[in-house]
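To start, the structure under review is shown below, and the notes come after it.
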Amino acid sequence: MSTRPFPKLRPGIWDALVAAVVIVLAVVCAGAFWVRGTLAEGELTAVVSMDGQERERFALSDGEMERTYTNHGYTLHLLVQSGELRVAEADCPTQDCVHTGTIDQAGQSIVCLPARIVVQLVRTGGSGDVDVVIG
Amino acid sequence: MKLTTRQLTLCAVLTAMALALSYLENFFPLSLAIPIPGVKLGLANIVTVFALYALGPAQALLILFARCFLGAMFAGNMNALIFSLMGGVTAMAAMIALFRLRRLSVYGVSIGGAAAHNCGQVAAAVLTLGNTAPLYYLPVLLGVSLLTGALTGMVAALLFRALEHTNLLKM
């Protein structure tokens with residue numbers, strides 16, 4: 000019969016180190032997204048993808064609008080109001096996309112796993128890639 | 000791998016317990032407080048931590064695979080299998096590595112496992128969605144894993160303390 004060492008049951012300095020590594024990882028990750036979001040220029044645009052394929056993109060400044068997407072048997076109702084976007088209604092069992100709430104910053108996204116739909120906010124048409132200049 | 004009857008029985012009981020805990024977890028939906036796909040307490044991780052110490056990595060992995068396949072089968076959702084497998088295997092790899100260090104308590108092993116589990120699940124989401132958008136959730140998921148990992152670590156510690164005077168752990 001093998002003798003396994005009895006596990007240490009009290010948290011110590013090494014456990015704190017593991018926790019610290021996880022915190023640093025989270026902060027670095029969040030920082031990278033934040034920097035990318037603030038550095039981006041251009042118009043705030045929603046990109047809707049299904050199964051990894053981009054299906055539609057529209058500017059959030061286009062005013063109020065409603066969109067309906069169906070994929071894998073699930074339907075999502077998207078609502079855009081005053082530069083903010085949210086999933087108003089969905090018939091998926093988890094409702095994660097509805098609970099995610101409103102997004103209004105570049106880099107943010109709403110993910111619906113059952114329907115395999117991703118709505119991502121990006122900035123496009125910044126000084127780097129000007130499509131049309133008016134005036 | 001050759002298992003004694005005692006080990007096989009313990010593996011079977013632990014698999015059943017892990018399945019029951021994953022089901023029980025649905026009644027405490029952490030995702031209501033933190034609305035991100037995949038946020039959950041990870042109670043089945045208690046079993047994984049326990050199996051790792053009591054039975055060793057090989058049998059802990061066996062229990063994990065049985066739990067993932069049976070869980071997906073019972074839920075009738077084979078799509079969920081890739082999520083539970085990728086999360087579970089990543090968590091197991093991290094926990095085996097941390098467990099080998101011998102300096103950590105069950106808390107550190109459990110937190111490392113929870114964090115790795117979330118990384119694995121985000122990777123699964125990136126793969127199934129074909130989109131890197133789920134990476135955006137990683138910071139929050141890592142933060143949550145500190146809490147859930149500490150919680151499952153605490154339960155595992157209580158469990159070991161209760162079993163210290165039995166001969167269940169001596170085999």
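Line order of the protein sequences matches chains A and B. With numbering that gives the first Met the number 0 applied, the first sequence corresponds to residues 0 to 134, in that order. With numbering that gives the first Met the number 0 applied, the second sequence corresponds to residues 0 to 170, in that order. Even glycine gets a Cβ: it sits at the ideal position worked out from N, Cα and C. Only a predicted model underlies this, so the values are computations on that prediction, with no experimental measurement involved.
* Exposure of A/V129, with buried meaning 16 or more beta-carbon neighbours within 10 Å -> With a pLDDT of only 47 at A/V129, under 50, the local geometry of the prediction cannot be trusted, and the value read off the model is given with reservation. Exposed.
* To do: With DSSP as the reference, label A/N70 as helix, strand or coil.
  => strand
* Just checking my contact of A/A39 with A/L59 at CB under 8 Å: how many whole Å lie between their CB atoms? -> That pair is no contact at about 14 Å.
* A/V51 at chain B interface by Cβ criterion, 8 Å -> First, the amino acid is wrong: residue 51 of chain A is Gly here, not Val. So, interface residue.
* Neighbour list for B/N44 in chain A, Cβ cutoff strictly below 8 Å -> Within 8 Å Cβ-Cβ: nothing; B/N44 doesn't reach chain A, min ~15 Å.
* **Test: A/L59 CB closer than 8 Å to a CB of chain B** => At a cut-off of 8 Å, the C-beta of A/L59 has no neighbouring C-beta in chain B.
* Proximity test, Cβ basis, 8 Å: A/A89 and chain B -> no
* To do: Quick one: list the residues of chain B neighbouring A/C29, beta-carbon separation under 7 Å, in chain order.
  => According to the sequence displayed, residue 29 of chain A carries Ala and not Cys. The contacting residues are P138.
* **Residue interval of the beta strand (DSSP E) (run including A/C111)** => 108-111 is the span of the beta strand (DSSP E), which, as asked, contains A/C111.
* Asked: Which runs of the alpha helix (DSSP H) spanning at least 4 residues fall entirely within the segment 92-156 of chain B, listed in chain order?
  -> 105-128
* Span of the beta strand (DSSP E), counted from its first residue to its last, around A/Q52 -> In this chain, the beta strand (DSSP E) harbouring A/Q52 covers 52-58.
* **Alpha carbon of B/L140 to alpha carbon of B/R5, nearest angstrom** => Inter-residue distance for B/L140 and B/R5 is about 38 Å (C-alpha atoms, whole angstroms).
* **Contact the segment 14-24 of chain B vs the segment 32-50 of chain B: 3+ CB pairs below 8 Å** => Verdict: yes, contact present.
* Asked: Is the segment 10-17 of chain B in contact with the segment 111-124 of chain A, if contact means three or more CB pairs nearer than 8 Å?
  -> no
* chain B within 8 Å of A/A25, Cβ atoms only -> Look at A/A25: its C-beta is under 8 Å from a C-beta on chain B.
* Asked: Does the beta-carbon distance from B/M85 to B/V48 come in below 8 Å?
  -> no
* Roughly how far, in whole angstroms, is the beta-carbon of A/L75 from the beta-carbon of A/L84, given that I think they are within contact range, below 8 Å? -> Their Cβ separation, rounded to whole angstroms, is 12 Å, which puts A/L75 and A/L84 out of contact at 8 Å.
* **Which listed residue (A/T69, A/Q104, A/V27) has its alpha carbon closest to that of A/C91** => A/T69
* Can you tell me the Cα-Cα spacing of A/W145 and B/L103, whole angstroms? -> For residue 145 of chain A there is no data in the structure shown, the boundaries of chain A being 0 and 134.
* **Neighbourhood of B/L146 by C-beta distance below 8 Å, restricted to the same chain and skipping five residues each side** => Close CB contacts of B/L146 within its chain, under the 8 Å cut and outside five residues either way in sequence, are absent.
* To do: Identify, in the order they occur along the chain, each residue of the same chain with its Cβ nearer than 7 Å to the Cβ of B/K176, setting aside the five sequence neighbours on each side.
  => This structure leaves residue 176 of chain B out entirely; chain B is present only between 0 and 170.
* Can you round the beta-carbon distance between B/V156 and B/V105 to whole angstroms, since I take them to be within the 8 Å contact cut? -> Checking the sequence shown, residue 156 of chain B turns out to be Ala, not Val. Indeed, because the Cβ distance is near 5 Å, the residues count as touching under 8 Å.
* To do: With DSSP collapsed to three states, give me the class of B/H164.
  => coil
* 8 Å Cβ cut-off: residues of chain B touching A/I98 -> The amino acid occupying residue 98 of chain A in the given sequence is His; Ile does not appear at that position. For A/H98, the neighbours in chain B by C-beta distance under 8 Å run, in chain order, S30, L31, P34.
* **Buried or exposed (CB count within 10 angstroms, at least 16 for buried), B/T151** => Answer is buried; the Cβ neighbour count reaches 16.
* Which value, in whole angstroms, describes the spacing of the CA atoms of A/T37 and A/A105? -> Taking the straight line joining both Cα atoms gives about 8 Å.
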